[in-house]
Amino acid sequence: MATTERDQTAVDPESCALDSLVMDIETGKVGVVMGHHGPDRVQLRPARGGREWDAFRVRRLTPREELSVRNDIRNAMSKAGL
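Printed below as a string of structure tokens:
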């Protein structure tokens, strides 16, 4: 999927709602916002679970990316019998 410059625009970490999906620009990983640590970073957890990490530069997902991540989560839960 092509990425445009608009897609890479960082948002203020404080403006990220808890439980929203965002992408850590530095690592390219998608995570769920678990908390805010000051005005400059958020704590993220991988969408399918795992160890949390701090992110300083995040961006919102495009609608297509968010749909893909949510489908991935549902598929994993289905395979696990949940």
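For the sequence shown, our numbering assigns the number 290 to the initial residue and increments by one for each residue that follows.
Where a beta carbon is used, it is the ideal one built from N, C-alpha and C, also for glycine.
Keep in mind that this is a model prediction, so the values were computed, not measured.
Next on the checklist: With the cut-off set at 8 Å, would you say Ala-369 and Arg-337 are in Cβ contact?
Outcome noted: If you number the sequence shown from 1, residue 369 lands on position 80. If you number the sequence shown from 1, residue 337 lands on position 48. No, Cβ-Cβ distance for Ala-369 and Arg-337 is not below 8 Å.
Next on the checklist: Just verifying my parser: in three-state terms, what is the DSSP assignment at Pro-335?
Outcome noted: The residue given as residue 335 occupies position 46 in the sequence shown. DSSP places Pro-335 in strand when its eight states are reduced to three.
Next on the checklist: Short of 7 Å in beta carbon distance, which residues of its chain neighbour Val-322, apart from the five on each side in sequence? Order them along the chain.
Outcome noted: As a first step, residue 322 must be located in the sequence shown, where it is residue number 33. Only Cys-305, Ala-306, Leu-307, Asp-308, Ser-309, Val-311, Val-331 and Leu-333 meet the Cβ criterion.
Next on the checklist: Is it buried or exposed, Pro-302, if we count other Cβ atoms within 10 angstroms and call 16 or more buried?
Outcome noted: Position 13 of the sequence shown, counted from the start, is the residue given in the question as residue 302. Buried, by the Cβ-count rule.
Checklist entry - Can you name the residues that DSSP bridges to Met-312? => result The sequence position of residue 312 within the sequence shown is 23, counting from 1. DSSP lists Val-319 and Arg-348 as partners of Met-312.
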